[in-house]
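In what follows, a single structure is set out as structure tokens and then discussed.
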Amino acid sequence: MTLIERVAPALEPVDISDLSTSLGVSTWPPFAEEIVEFAAQFSRRLARRAGPVPELQALAYWMRRSAVARLARDYKSLESPGLLMVPRGLVFHVPPANVDTMFVYSWMLSALLGNRNIVRLPSKSTPATTVLIEVLRSLLDEPQHDSVRATNVFVRYGHEREVTSALSAACDLRVIWGGNATVTAIRESSLPPHASDLTFPDRLSFALIKTVAYARLRSEVRDELATQFFNDSFWFDQLGCSSPRVLVWVGEPPAGEATDFYKRLLRSVQAKGYSVDTATALSKIAYAHRSVLDHGVTRVTAPANELTVLELGDPILESGDYSGAGTFLNAWVSSLNDLVPQITRKHQTAAHYGFRDRELRDFAVALNGRGIDRFVPFGEALQFGRVWDGRDLLQEMSRRVVIQGQP
Amino acid sequence: MSVADLLERPQYSILQAEKDVLLLGEMRRLTDHHRCASPEYDSILRALGTEKQAASIAEVPYLPVSLFKTHLLRSVPEEQVFKTLTSSGTTGQAVSRITLDRPTADLQTRALATIMTTLLGPRRLPMIIIDTPNVVRDRRLFSARGAGVLGMASFGRKHFYALDDDMDLDVSGLERFLMENKGQELLIFGFTFMAWKYLLEKLRVIEVDLSQATLIHSGGWKRLTDQSVTNSKFKEAFERHTGLTRVHDFYGMVEQVGGVFLEASDGFLRAPNFADVLVRDPLTWRVQANGEPGVIQVVSALPTSYPGHSLLTEDLGVIHGIEASAKRWRGKRIEVIGRVPKAELRGCSDTHAAQVGQ
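Following this line, the structure appears as structure tokens:
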């Protein structure tokens, strides 16, 4: 008998061999009233509790009633008279250690689709996870959420392979977020023959800005843009998979534009009160030095501990062992197509400003799947969506049943 | 004035103002030398915009000490490499690699010798080493600890290793050693934590007289501060239980040859003639006023074979003023507070992997 900690519903040790069976075998219909209501209440309660934490506010906003209703409509549109969408069954989620809100996105989407869920919480608790778990637990305690409680469990355990293996052996779909090493380690535990993995390994993101478009902007709009870029890059200390690390100026070489933009970004950083501790400042200094030798950085500018700008000699979309927390590799290319050879599978999000849809589309067509899964405007880099890392989660977390009538 | 002169002149005898001038000359010479000899070093300084010569020690560019963990930087051709030093580090952690040529290695030996003879006199003393003999014998154990012991062993004779492999004190061996060397000056060396945990903790219950000894210890206070053992408590306990009054901590790192800072009689560390400590404000990176804590930068005139003459450490410290009047122990009164506390950063891919990997 191996006991692990159940975090929600109600904190208590549970036996892993009972865990998956305790959730029963039945699934709920997709977007069942109970779970939709749960999401709406979760959203409301979280919005109240979240205070000024933007990541929690963003999560609450993502699962508000109208957003879930839109998701349900999107889901319906995937069906047709000859194609029915049904739940996968039992989904085992392994969220990342440090994007503390991720486990809710992964779980909520799966639960809305009718699946039973086991969520392994990161072993390290952050203030944000503490709030999330408190809200989650209080909701699950309420009698009106009996059905949600009966089919979902949140656990916390060390890195015992035995536990991961037992949970893997019981699931129909395993969702692994986190670094490449995590994916590889979890994959050592095998799945039932019919089950599959949905993996989200290490990714790298960057931003594209058209020099002439920026040059044309009025001062207030430039400030607004800098604030949006602040939100993209400084949440999660710039270490999220979607956080831009490289800023590429496209078209004309930026003369004063880059300097102007970073000056405004720094003001935004200061206005938001973002600050780094000494250890982080040291790690940024060390990264800046390494980047000269590893990435051909030709100029290091650090007007404050919170902002380090590293001028790349060549537009390399690589960051190596990256320090985050306000570290920007700055580059220039004369056209988007110059970036094509640099793009690989590892590139996820390109936050953009100043491009026409057509230009982005042509670029994506030129890439033809080499990499980049998302082109989103400045300010939306971290916004989670149902299509992630090139896959539609509504589809990945469902099965399709073909219903072909008699001719 | 050359490095040789700084080594020759009595250690800790130079007034700070004179030392600043002498060291600045050495720092300029070394910065120019490394720019010519190491393209990597030069490209870093160019990227940092360091063009003009430093007008003061504070203006001398520094490298973060961790750079030696990821990059092998040297200012000598490969065929002149005499040995490569490596730092300690727990399993899985990157270690620093420091390239020494023959002249730099010789300077290192002379530097340590001049520091130790200043403290211990010219004669080698019977020596107790607070460690197991296998720390220097067993290749698998050979580490910075072993290197530290070997480095110090040359300042003593009749070495007695006081611990066994289980870190148990060889009490009868110790008593025999003290009997044989009765009435003589002794030298004791060990790591700070081991001196406390494996020597002193045992000597609380056994009667031994170490009043003739000088204890030199190193390795940092982290594990002792966790048990709220301060330097003064450490010294007080040694005096009470063993009569030992001459206790000297020292601070240094493998990444900087010559940067060896020894505790003076007032309880603060001092820099030798050829090295110094600066403390920087962790927000502005300007040199802090005396009395204000900050991040320690170490400078040394010795590293010629690799660009390690000016390094930003990951330690916090304070300068408690400058000793000018006394004949001995002149210079900055340095206190090392300890490691900069670890950062708590987020992000989606790093820490989990590190844990899973175990």
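Listed in order, the protein sequences are those of chains A and B. Quick note on my numbering: the first sequence kicks off at 1 and runs consecutively. Quick note on my numbering: the second sequence kicks off at 1001 and runs consecutively. By construction, the Cβ of each residue, glycine as well, lies at the ideal position given by its N, Cα and C atoms.
Per-residue DSSP class, three states only, for residue i
i	result
G320/A	coil
R400/A	strand
N330/A	strand
D260/A	helix
H1159/B	strand
W1285/B	coil
H1034/B	helix
R434/A	Because chain A is modelled from 1 through 407, residue 434/A falls outside the range shown and cannot be assessed.
M1127/B	strand
I209/A	strand
C1348/B	Per-residue confidence for C1348/B stands at a pLDDT of 43, beneath the threshold of 50, marking its modelled position as unreliable; no derived number is given.
R116/A	strand
I343/A	coil
F234/A	helix
A1275/B	strand
P192/A	coil
V1257/B	coil
L1015/B	coil
P407/A	coil
L394/A	helix
S110/A	helix
Y1062/B	coil
E306/A	coil
Presumed contact (8 Å Cβ cut-off) between residue i and residue j, rounded CB distance
i	j	result
A381/A	L208/A	Their Cβ separation, rounded to whole angstroms, is 11 Å, which puts A381/A and L208/A out of contact at 8 Å.
A1213/B	L1244/B	6 Å
M1127/B	F1082/B	Their Cβ separation, rounded to whole angstroms, is 27 Å, which puts M1127/B and F1082/B out of contact at 8 Å.
A1343/B	A279/A	4 Å
T1050/B	P1061/B	5 Å
T1057/B	L1085/B	According to the sequence as given, residue 1057/B is Ile; it is not Thr. Actually they are not in contact, since the Cβ atoms of I1057/B and L1085/B sit about 25 Å apart, beyond 8 Å.
A1047/B	V297/A	6 Å
K284/A	S323/A	5 Å
L415/A	Q270/A	Because chain A spans 1 through 407 in this model, residue 415/A falls outside it and cannot be assessed.
V155/A	I4/A	5 Å
S20/A	L90/A	6 Å
Start and end residues, alpha helix (DSSP H) containing residue i
i	result
W177/A	Looking at the DSSP string, W177/A is not in any alpha helix (DSSP H); the run it does join, the beta strand (DSSP E), is 173-177.
E1263/B	Premise fails: E1263/B lies in the beta strand (DSSP E), 1260-1263, not in any alpha helix (DSSP H).
S20/A	16-22
K1069/B	1067-1070
D362/A	357-367
R1097/B	From DSSP, R1097/B is part of no alpha helix (DSSP H) but of the beta strand (DSSP E) over 1097-1101.
T280/A	278-295
H1309/B	Per DSSP, H1309/B belongs to no alpha helix (DSSP H) and is neither H nor E.
L382/A	Segment: none, L382/A is in no alpha helix (DSSP H) and carries neither H nor E.
Y274/A	No alpha helix (DSSP H) contains Y274/A, which DSSP labels as neither H nor E.
Q41/A	33-50
V1136/B	1134-1137
P1039/B	1039-1047
A1238/B	This sequence places Phe at residue 1238/B; Ala is not what is there. Counting along the chain, the alpha helix (DSSP H) containing F1238/B begins and ends at 1231-1242.
S77/A	65-77
L59/A	54-62
V1003/B	1003-1008
Bounding residues of the beta strand (DSSP E) (the contiguous stretch that carries residue i)
i	result
I1337/B	1331-1339
F1250/B	1246-1252
M85/A	83-87
W249/A	244-250
F1082/B	1081-1086
P377/A	374-377
V1299/B	1294-1300
L1073/B	From DSSP, L1073/B is part of no beta strand (DSSP E); its letter is neither H nor E.
G90/A	Strictly speaking, residue 90/A in this sequence is Leu, with Gly absent from that position. Segment 90-94, the beta strand (DSSP E) holding L90/A.
Within the segment 1165-1228 of chain B, ranges of the alpha helix (DSSP H) (whole runs, at least 4 residues)
1171-1180, 1222-1225
Only counting runs of 3 or more residues, tell me where the beta strand (DSSP E) segments fall wholly within the segment 121-189 of chain A, in order along the chain.
152-156, 173-177
Given a limit of 7 Å on CB to CB distance, which residues of the segment 280-311 of chain A reach chain B?
T280, A281, L282, S283, I285, A286, H289, R290, V292, L293, V297, T298, R299, V300, N305
Members of the segment 255-278 of chain A near chain B, C-beta cut-off 7 Å
D277, T278
Residues, ordered as in the chain, of the segment 1026-1047 of chain B that lie near chain A by beta-carbon distance below 7 Å
E1040, S1043, I1044, A1047
In chain order, what residues of the segment 1059-1084 of chain B put their CB closer than 8 Å to some CB of chain A?
L1063, P1064, S1066, L1067, T1070, H1071
Positions along the segment 1333-1344 of chain B whose CB lies within less than 7 Å of some CB in chain A:
V1340, P1341, K1342, A1343
Looking at chain A, which residues of the segment 1270-1292 of chain B have a Cβ within less than 7 Å of any of its Cβ atoms?
P1282, L1283
What residues from the segment 1303-1314 of chain B come within 8 Å of chain A, judged by C-beta to C-beta, listed N to C?
L1312, E1314
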